[in-house]
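Asker: What follows is a single structure, and I will ask about it in a moment.
Residue numbers (UniProt numbering): 1 to 145.
Okay, here's the thing in C-alpha cells:
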C-alpha cells in the first residue's frame, strides 16, 4: 500500500471552490494517476448524497461507495488545499482529500489521515506549507507508510 500519495496529486489553491468543484478535482487527480476510472466522481457524489464526508477540523474526505468499488484500480490519495475555503454542507473546509482504497486498504489510509488531522497544531502546520511540494512532504510521511 506504499506511496498512495504522489506529489502530482497535491495542489494548493488561493481561492475557494464549491463542494462539487472540490470533489471533481479530487476525483480528477485520482484518475490522472491511474487510481480510479472516470466513474469515480459519480461514486463520490453518491456517497455524499447519503452521508457527508466532512470529518471536522477543516477536512473533508470524499470517496466512493462500496457498490462502486469496480471504479477503483489501485489505492490512491489526492490532496487539495483551498485557502479560500469550501462550504461543505455548511461546514468550513480547507483540505479536501480524495481517497480510493483497493479492497480494505481505505480503512488504514483513513485512520492515518484521521490521526494527522486530529491535532490542530498539525492542521495549522499543513496550512502554512507554501507550495504543493512542501505540502506533499508534510503529508507523505504520515500516509505513505
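Backbone N, C-alpha and C fix where the C-beta goes; we use that ideal spot for every residue, glycine too.
1. Should residue 117 and residue 66 be called a contact, given that it needs their Cβ atoms to be closer than 7 Å?
2. On the CB-based measure, 16 or more other CB atoms within 10 Å of its CB, does residue 78 come out buried or exposed?
3. Going by C-alpha to C-alpha distance, which of 123, 139, 85 sits closest to residue 13?
4. Tell me whether residue 132 sits in a helix, a strand or coil according to DSSP, three-state version.
5. Per DSSP, residue 82 forms a beta bridge with which residues?
6. Flag this pair as yes or no: are the beta carbons of residue 98 and residue 5 separated by less than 7 Å?
7. Got a sec: does the ligand NAD put a non-hydrogen atom nearer than 6 Å to the Cβ of residue 88?
8. Assuming contact is defined by CB atoms lying nearer than 7 Å, are residue 138 and residue 124 in contact in what I supplied?
9. Should the stretch 59-75 be called in touch with the stretch 88-104, which here means at least 3 C-beta pairs below 8 Å?
10. Report the option in 80, 102, 103 whose CA atom is closest to the CA atom of residue 133.
Answerer: Walking through what the data contain:
1. no
2. buried
3. 85
4. helix
5. 13
6. no
7. Among the components of this structure there are no ligands whatsoever, and the ligand NAD is therefore not found.
8. no
9. yes
10. 80
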